């Protein structure tokens, strides 16, 4: 019976894929003869394989803009446009999510062959679907639990304050008993994992910064899996989107898109997966700015010195309101200018600090951006001023402390394939996040040790 059930599932999947490919022809989504969509031989769910050798720069498929699913192409687009003012929110996602709520549950949806190929939303395993206890235990110190708590709070507030009142005004199209907070949350996770955002056009420096473009669903493109060492990239033009190979792809090789330069904590938070060590070349670790402040306070011996540290911290907080952490990669600090400024302010003399405040922080600096970048690379960190190295070292130590120990156990698990396979999928992914971050912080402590 199990074999028959499995065969039935495979047959159903083949039928759904066949219907989707027919729909692609109907909407003029053109697929190259050199690739195919399948489940066999891919890393997760559906994916794309090369049927023949593909050279760099070849177009793998072309999607007309009319085949993209968003608030302007849904069957309820006119209503969403008419009431756009009432659908504004901090996320800017409400119009798309309302479109998806409608299309996903409508038996008559023109998008049904595409939507039927979506994975079961109940199988999504982002950390937002873990218990709070599990998140806090497995991902302590990584920043993921705090990000998820913020997400869940924002989702509930958005649903109750914006979405629910709108649906109540239009009971012929939406039903709160069907379009629940639970389904809304699942669709938020799906949009996080599978949607695309069109890059902003270049703007003049004098122009006011525009909000990011809202996300949209891109059939076919959202089937491609991600790796940091990808071989294809989505390109945008006025009338279509094209998936283009960025290097040679051999016959039988999977076609991988990229979601951007994503560390494992970002992949887990937004997409529900991680890349196993050492595959993710974009791994990062954050040192909270508050930990640099704590390190500076520990350096102060007297009340007067501690009071001065507080004044300098308040000055820095006013200058860098959006910078809550300093980000380090495998090669050094990615936020080197901000870290450079913070270290200078904490370590400068009282006279220098007075001049700094008088100039509102914008004093002339003899060091250019390239010099600063080199100074905070792994090669440059050992050569920093001793006082700067001490602050970085202690801030890294405090950050490592927030993980709650277990470094030796994590390292042993990473090296032991059998033990690694014995962990649950959530434990494995959390381990990859913790290990990658700890590894960068431990290396940073080595480079800044005396």
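In our numbering, the protein residues as written are 860 to 1309.
We put the CB at the ideal spot given by N, CA and C, even for glycine.
Note that the structure is a prediction, hence the values are computed from the model and not measured.
Consult DSSP for residue i and reduce its assignment to one of helix, strand or coil.
i            : result
residue 895  : strand
residue 1101 : strand
residue 1112 : coil
residue 869  : For residue 869, the pLDDT reaches just 46, beneath the cut-off of 50, and the residue's location in the model is therefore unreliable, although a value from the coordinates is still provided. The answer is helix: DSSP assigns residue 869 an H, G or I state.
residue 1139 : coil
residue 1155 : helix
residue 1150 : helix
residue 1192 : strand
residue 1076 : strand
residue 928  : strand
residue 890  : strand
residue 1301 : helix
residue 877  : helix
Short of 6 Å in beta carbon distance, which residues of its chain neighbour residue i, apart from the five on each side in sequence? Order them along the chain.
i            : result
residue 860  : Bear in mind that the predicted position of residue 860 carries a pLDDT of just 40, short of 50, making it too unreliable to give a figure here.
residue 1050 : 1074
residue 1118 : 1085
residue 1191 : 1235, 1236 and 1237
residue 907  : 894, 896, 1083 and 1114
If I'm right that residue i touches residue j with Cβ under 8 Å, what's the distance once you round it to whole angstroms?
i            : j            : result
residue 1048 : residue 1128 : Between residue 1128 and residue 1048 the Cβ distance is about 10 Å, and since that is not below 8 Å, they are no contact.
residue 1261 : residue 1000 : 4 Å
With residue i as the anchor, note down where its beta strand (DSSP E) starts and where it stops.
i            : result
residue 1147 : 1143-1147
residue 1091 : 1091-1095
residue 920  : 918-923
residue 907  : 906-909
Looking at the unbroken alpha helix (DSSP H) that takes in residue i, where does it start and where does it end?
i            : result
residue 1123 : 1123-1130
residue 1186 : Counting along the chain, residue 1186 falls outside any alpha helix (DSSP H), though it belongs to the beta strand (DSSP E) covering 1184-1188.
residue 1047 : 1040-1053
residue 1033 : Neither: residue 1033 is in no alpha helix (DSSP H) and is coded neither H nor E.
residue 974  : 971-974
residue 952  : Note, residue 952: premise wrong, no alpha helix (DSSP H); not H, not E.
residue 1164 : 1162-1178
residue 979  : Where residue 979 is concerned, there is no enclosing alpha helix (DSSP H), given that its DSSP letter is neither H nor E.
residue 1004 : 1003-1017
residue 940  : 936-941
residue 991  : 991-997
With a threshold of 8 Å on Cβ separation, who are the neighbours of residue i within its own chain once the five nearest residues in sequence on each side are excluded?
i            : result
residue 1171 : 1155, 1204, 1205 and 1212
residue 905  : 876, 896, 897, 898, 976 and 1082
residue 1279 : 1272, 1273, 1287 and 1290
residue 1056 : 1071, 1072, 1073, 1074 and 1075
Using C-beta distances below 7 Å, list every residue in its chain close to residue i, excluding the 5 sequence neighbours before and after it, in chain order.
i            : result
residue 1232 : 1195
residue 902  : 1084 and 1113
residue 1037 : 964
residue 1133 : 1123, 1126, 1127, 1288, 1291 and 1292
Enumerate, from N- to C-terminal direction, the unbroken alpha helix (DSSP H) stretches of 4 or more residues contained entirely within the segment 1194-1281.
With a minimum length of 4 residues, the continuous alpha helix (DSSP H) runs that stay inside the segment 1194-1281 are 1195-1206, 1209-1217, 1228-1234, 1245-1260, 1266-1274 and 1276-1280.
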